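Heads up, the thing below is written out as structure tokens.
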Amino acid sequence: MGKREGIQRFLRHWMAGSRWSGRAFPPGSLVRLEAALEREEHSYNGEICFVVEQALDWWRLLRGVTPRDRAGELFAQLGLWDTEKNNGVLLYVLLADRSIELVADRAIRRLVGDSGWQTICSGMEAEFRRGRFLEGSLEAIRAVAALVRQYFPVQAGSGTAPPPDLSALEHDRTVSEGETNR
């Protein structure tokens with residue numbers, strides 16, 4: 001990234017504030033996303049998380065952290081790599097960079113394949129371009145849940161693990177139970 005692009009990115013993140021979050025995900029939409037995740041979680045044996053960040057901290061920007069890097073950090077921080085069947089999935093949206101990242105643990109990633117994840121990200125991107133952030137996110141959650149359910153359905157007598165502890169995340173992030181998958 002050149003100096004000019006770096007300065008532009010820093011300014012985008014600095015100016016992001018809550019204005020993008022409120023416009024992209026108005027009050028009530030995050031509650032709907034959480035409800036969608038809760039509805040789906042009883043149909044599969046795995047873990048799905050959805051994270052929206054307005055912008056990165058200045059020190060991450062100075063270090064050159066990419067949206068993919070940040071998604072990887074959150075994937076680890078939320079313990080999605082530590083599911084019993086290696087089937088955790090993170091959908092990550094970084095508003096300031098207009099970026100979507102999908103990170104899937106090794107078992108589910110192998111079963112679905114890159115084209116399956118790319119289809120989900122492409123659909124989400126198309127809805128976001130139309131300004132339909134909630135609808136695109138809900139559809140992505142349903143699509144990811146369908147894939148996890150296909151390969152890891154709930155077995156009789158089993159349940160899903162409790163959601164990860166999200167209290168360690170900073171208050172300016174919205175978290176609930178990627179540009180694209182690469």
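Per full-length UniProt numbering, the sequence shown runs over residues 1 to 182. The beta carbon of each residue, even a glycine, is placed where N, CA and C say it ideally should be. If you're wondering where the values come from, they're calculated on a predicted model, not measured in any experiment.
Which residues in the same chain as VAL93 place their Cβ atom closer than 6 Å to its Cβ, once the five residues preceding and following it in sequence are excluded? In the sequence shown, counting from the first residue as 1, residue 93 sits at position 93. For VAL93, where only same-chain residues beyond five positions count, the Cβ hits under 6 Å are VAL52 and ILE100.
In angstroms with no decimal places, state the Cα-to-Cα distance between TRP58 and ARG68. By 1-based counting over the sequence shown, the position of residue 58 is 58. By 1-based counting over the sequence shown, the position of residue 68 is 68. Roughly 17 Å separates the two Cα atoms.
So within the segment 20-59, which uninterrupted alpha helix (DSSP H) runs reach at least 4 residues, ignoring any that extend past its ends? 29-40
State the DSSP-derived secondary structure class of HIS88, mapped to helix, strand or coil. Working through the sequence shown from its first residue, we reach residue 88 at position 88. Sequence inspection shows Gly at residue 88; the His mentioned does not correspond to that position. Of the three classes helix, strand and coil, the one that applies to GLY88 here is strand, per DSSP.
When DSSP labels each residue in this structure, what does ALA161 get in the three-state scheme? On the sequence shown, residue 161 is found 161 positions in, with the first residue counted as 1. Note that ALA161 scores a pLDDT of 48, beneath 50, so its modelled location is shaky; the value from the coordinates is reported in the next line. In the structure shown, ALA161 sits in coil (DSSP, three-state: anything other than H, G, I, E or B).
Inspect the CB distances between the segment 61-77 and the segment 111-124 and report whether three or more fall short of 8 Å. no
Near LEU95, what residues of its chain come up, given a Cβ to Cβ distance below 8 Å and the 5 sequence neighbours on each side ignored? The residue you call residue 95 lines up with position 95 of the sequence shown. So the qualifying residues of the chain are ALA16, TRP20, SER21, ALA24, VAL52, GLU53, GLN54 and ALA55.
When you measure from the CB of GLU5 to every non-hydrogen atom of the ligand SAH, does any distance come out below 8 Å? Absent from the structure shown: the ligand SAH. Ligands present: none.
PRO153 to VAL144 span [Cα, whole Å]: By one-based count along the sequence shown, residue 153 stands at place 153. By one-based count along the sequence shown, residue 144 stands at place 144. Computed Cα separation, rounded: 13 Å.
Where does VAL93 sit, in a helix, a strand or coil, going by DSSP? Against the sequence shown, residue 93 aligns to sequence position 93. Strand, per DSSP.
If you run the structure through DSSP and keep just helix, strand and coil, what is LEU102? In the sequence shown, residue 102 corresponds to position 102, counting from 1. Of the three classes helix, strand and coil, the one that applies to LEU102 here is strand, per DSSP.
Roughly how many whole angstroms lie between the Cα atoms of THR160 and GLU84? For the purposes of this step, residue 160 is identified with residue 160 of the sequence shown, where counting begins at 1. For the purposes of this step, residue 84 is identified with residue 84 of the sequence shown, where counting begins at 1. Interpretation of THR160 is limited by its pLDDT of 49, a score under 50 that renders its predicted location unreliable; the figure taken from the coordinates is listed afterwards. Roughly 10 Å between the two C-alpha positions.
Backbone CA spacing between GLY116 and ARG129 [nearest angstrom]: In the sequence shown, counting from the first residue as 1, residue 116 sits at position 116. In the sequence shown, counting from the first residue as 1, residue 129 sits at position 129. So the two alpha carbons sit approximately 20 Å from each other.
Taking all protein chains shown into account, do 16 or more other C-beta atoms lie within 10 angstroms of the C-beta of TRP14, making it buried, or fewer, making it exposed? For the purposes of this step, residue 14 is taken as residue 14 along the sequence shown, with counting starting at 1. So TRP14 ends up on the exposed side.
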